[in-house]
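Before any comments, here is the structure.
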Amino acid sequence: MKPPVIVVISSSSVVAAGLTALVRSQAIAPGATVVEAVPANIASEVAERHVDIVVGDQWSLDAATVTAVRDAADGPVAVVALIWSAMPEQSTALYDATLSICDSPAKIADTIAKCCPGPDEEARKELSPREKDVIIGVVKGLSNKEIADSLNVSTHTVMTHRRNIASKLQIHSPAGLTIYAIVSHLVNLDEVKDMI
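Here this note's numbering is used: position 68 in the sequence shown is 68, and no number is missing along the way.
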């Protein structure tokens, strides 16, 4: 199981630095990577770093940001909000867990640790529909640019999906992906037999 990647964001650099230091000092999970990110760049950070947990204040984690985080993730990602003031229940339901600005370091560490993926969750990471589309493009012999054009995304996004696929499946060659696609019924053998 890989150590979790935790990203801390806040509209306040003081709060972000303090929360980052606290999370690092509490040894939440062995080998955990804890980094600060700018709220405006959180979706790209989540996609590039394969983030497991995002911790941030309630102003940095509004509904649009939480949706962007979940959409950018290549698997399950927990969103933990640091609450500074009272919030209605329907607002806190947006998050996987909440912290209070008055919580002790031990309680903060315990709450975040409960959001760390376990060995079973890591094994259950499935391919997203977009990753399956990328595999189909690879099997058809398309280049990254051709796949990007067909999916209406950037070449960088296709390369990110390919890295995520390799990480999840531990398959690093087009031939291996072809076998996986046939066995998983992503493509029909008749579709690819002329290319083999």
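Think of the CB as a built atom: it goes at the ideal place given N, C-alpha and C, for glycine as much as any other residue.
request  = Return the Cβ separation of residue 168 and residue 142 in integer angstroms, given the expectation that the two are a contact with Cβ distance under 8 Å.
outcome  = No, residue 168 and residue 142 are not in contact; Cβ-Cβ is about 20 Å, not under 8 Å.
key: Beta-ladder partner(s) of residue 147, from DSSP   = According to DSSP, which records beta bridges pairwise, residue 147 is partnered with nothing at all.
key: Inter-stretch contact (C-beta, 8 Å, three-pair minimum) for the segment 8-17 and the segment 43-56   = Yes: at least three Cβ pairs fall under 8 Å.
task = Using only alpha-carbon positions, find the residue among 113, 94, 114 and 180 that is nearest to residue 132.
result = The shortest Cα separation from residue 132 among 113, 94, 114 and 180 belongs to 180.
At least three beta-carbon pairs within less than 8 Å, the segment 79-90 to the segment 24-37 = no
task = Please confirm whether residue 182 and residue 135 have their CB atoms less than 8 Å apart.
result = One thing to note: residue 182 has its Cβ no nearer than 8 Å to the Cβ of residue 135.
task = Whole angstroms is fine: what's the gap from residue 102's alpha carbon to residue 2's?
result = 31 Å
query = For residue 65, does the count of other Cβ atoms within 10 angstroms reach 16, so buried, or fall short, so exposed?
reply = buried
C-alpha distance - residue 122 paired with residue 188, whole-angstrom precision = Only weak support exists for where residue 122 lies, its pLDDT of 49 falling under 50; the coordinates are left without a value.
Separation of residue 88 from residue 191, as counted between CA atoms = 53 Å
ask   = Leaving out the 5 sequence neighbours to the left and right, which residues in its chain are closer than 8 Å to residue 48 when beta-carbon positions are compared?
value = 160
Under the three-state DSSP convention, the category residue 75 falls into = Coil at residue 75, not helix or strand.
message = Taking the straight line between their C-alpha atoms, what separation do you get for residue 32 and residue 4?
response = 5 Å
task = Determine which residues share a DSSP beta bridge with residue 57 and list them.
result = 82
ask   = Going by the beta-carbon positions, is the gap between residue 28 and residue 116 smaller than 8 Å?
value = yes
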